[in-house]
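Colleague:
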Amino acid sequence: MDIVVQKFGGSSLASVERIWRVANYAAETHRSGSATVLVVSARGDSTDELLELAGAFSGDQFSDRTTREIDQLLVTGEVVSAALTAMAIERLGVPAVSLTGAQAGIEVAGKYGGGVISSIDPKRIVELLEAGNVVVVSGFQGTNAEGDMVTLGRGGSDTTAVALAAALDASRCLIYTDVDGVYTADPRIVPTARPMPFVDVRLMAEMAFAGAKVLHSRAVELAAMRGMELQVLSSFAPGAGTRVFEGSNDAMLESDGAVVAVTHDFDVARVLVQARKDLAADILSALGRRSIPVDLVARSGPSEDEFRMGFTARLGDIPEILAVLGEAIPEADGQVRVDRDVAKISLVGMGLLNRPEYAARMISTLAAEGIFTTWISTSQLRVSAVIERGHGANAVAVLHREFDLERAAAAAGSMTTA
Ligand code: ADP
Ligand code: ASP
Ligand code: MG
């Protein structure tokens, strides 16, 4: 059985007319002879709306009991999309069945709001496909060992799609979204960004981790681990989109520009800790135990009576981080400050550590615009800096120009977006 997995994001399902469009895609794929599995996200901004609603009752306090309830709430967004899409496909004359993550056999480990798919039993999906149905799976969710619903982190429906494609040994995994592929920068911020016909999966993983939310970072990591090619396409316009696979940038020559994209992450905060003794190991291991990812980490050198440390983390993780730090730092022994007015800007490319001048160019280009970079970190695939949030969009645009990523004016076409 030739199986195709097609994932549709929230904006692709935001209206009745758009759901019909998705249903038509699925019906066409089914009629062309492929067993079709759709993975759908919550419609439009409904996840944000549910979170806002939850905030009216949960407040800012972090507790495991609250995050459990938030997950019970959030999964409903995807369930609504799946049921509506299945009904639309059925009306087009193709049998369709919707499944929640649990019904689709998706098991998740880890914490509420940040689950990781641990196993998939695809038996029910396979039976439904063999019986001639299109199967529409609610993305972003699965059940844990207690049978509770757990979500996979913002943007996690992409990961559901890749995990299902791997479990079903699908021939294709197509991610339909509201832009027509992966660009050299977010095309909504940099209108001259160029579409990338191919992206190496390692670079894509780095871009996603650094904030290019067109793909969920764990989806890309999973695709890399399973050697699965992904295609990013527009659900609004035909086109070849972007193919993400291993080795697609290996042909890059030493002389080629090493930077392939500029990404931004506005969903970050900077946490600063000041204490009387060195707590770095305690803090990092406490965060590690709770599986809270931190990125740029800075600390002052050892000194008898003063310890300073800072790191960037996801905004959504801040309530939990404050709870963890509250336990790790003995009261009256230190203080914690959170700066939410920051952005993380990154150059992504190959062999960046071999070209230390890139970090220098990044700092001086931004400085020439009056943008002060506070923290810098470099690796072979990424140079990241923290700047003031208000300068974020301008910083991406000037770096995109500085590293020659602009599309040639003559060749410029307009981006297709929702
Ligand atoms: P979906 O709801 O389909 O999952 P997302 O909003 O999660 O869509 O991701 C698509 C968005 O990612 C685009 O609308 C675009 O603004 C943003 N984006 C950020 N960086 C990039 C990039 N480098 N290339 C393309 N899109 C990007
Ligand atoms: N609906 C979820 C979110 O908004 C998951 C997703 O869109 O992939 O993050
Ligand atoms: Mg997404």
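The sequence shown begins at 17 in this note's numbering and counts up one residue at a time. Positions of the beta carbon are idealized from the N, C-alpha and C atoms, including for glycine.
List in chain order: all unbroken alpha helix (DSSP H) runs of 4+ residues lying wholly within the segment 96–164.
Modeller: 139–146
Colleague: Comparing C-alpha positions only, which one of 139, 152 and 127 sits nearest to residue 162?
Modeller: 127
Colleague: So which of 396, 49, 177 and 256 has the shortest CA-CA distance to residue 242?
Modeller: Ranking 396, 49, 177 and 256 by Cα distance to residue 242 puts 177 first.
Colleague: How many angstroms separate the CA atom of residue 328 from the CA atom of residue 334?
Modeller: 10 Å
Colleague: Alpha carbon to alpha carbon, how far is residue 365 from residue 175? Give it in angstroms, no decimals.
Modeller: 23 Å
Colleague: On the CB-based measure, 16 or more other CB atoms within 10 Å of its CB, does residue 321 come out buried or exposed?
Modeller: exposed
Colleague: DSSP puts residue 32 in a beta bridge; with which residues?
Modeller: In the DSSP output, where bridge partners are listed per residue, residue 32 has none listed.
Colleague: By Cβ distance below 7 Å, which residues in the same chain neighbour residue 38 in space, the five residues on each side in sequence not counted?
Modeller: In the same chain as residue 38, and ignoring 5 residues on each side of it, the C-beta atoms closer than 7 Å to its own belong to 24, 28, 29, 101 and 251, in chain order.
Colleague: Can you say whether residue 234 is buried or exposed, counting buried as having 16 or more other CB atoms within 10 angstroms of its CB?
Modeller: buried
Colleague: Could you check which residue in 106, 225, 53 and 146 has the C-alpha nearest to that of residue 155?
Modeller: 53
Colleague: Is any heavy atom in the ligand ADP found nearer than 8 Å to the beta carbon of residue 216?
Modeller: Taking 8 Å as the cut-off, the C-beta of residue 216 does not count as close to any heavy atom of the ligand ADP.
Colleague: Identify whether residue 425 lies in helix, strand or coil by the three-state DSSP scheme.
Modeller: Any reading at residue 425 needs caution, since the residue's pLDDT is 47, under 50, leaving its predicted position unreliable; the model's value is listed next. Helix, per DSSP.
Colleague: Report the residue ranges of all alpha helix (DSSP H) runs contained in full by the segment 219–276; include only those spanning at least 4 residues, in chain order.
Modeller: 233–242
Colleague: Let me check understanding here. Comparing Cα to Cα, which of 369, 402, 396 and 395 lies closest to residue 383?
Modeller: 402
Colleague: Between the segment 62–69 and the segment 84–92, are three or more C-beta pairs nearer than 8 Å?
Modeller: yes
Colleague: Answer yes or no: the CB of residue 193 versus the heavy atoms of the ligand ADP, is any distance below 8 Å?
Modeller: The beta carbon of residue 193 sits closer than 8 Å to at least one heavy atom of the ligand ADP.
Colleague: Touch check for the segment 350–370 and the segment 393–410: three-plus C-beta pairs under 8 Å?
Modeller: yes
Colleague: Can you say whether residue 97 is buried or exposed, counting buried as having 16 or more other CB atoms within 10 angstroms of its CB?
Modeller: buried
Colleague: With a 10 Å radius around its C-beta and 16 neighbouring C-beta atoms as the bar for buried, classify residue 305 as buried or exposed.
Modeller: exposed
Colleague: Just curious, the alpha helix (DSSP H) that residue 379 is in, first and last residue?
Modeller: 373–384 is the span of the alpha helix (DSSP H), which, as asked, contains residue 379.
Colleague: In whole angstroms, what is the alpha-carbon distance linking residue 80 and residue 108?
Modeller: 43 Å
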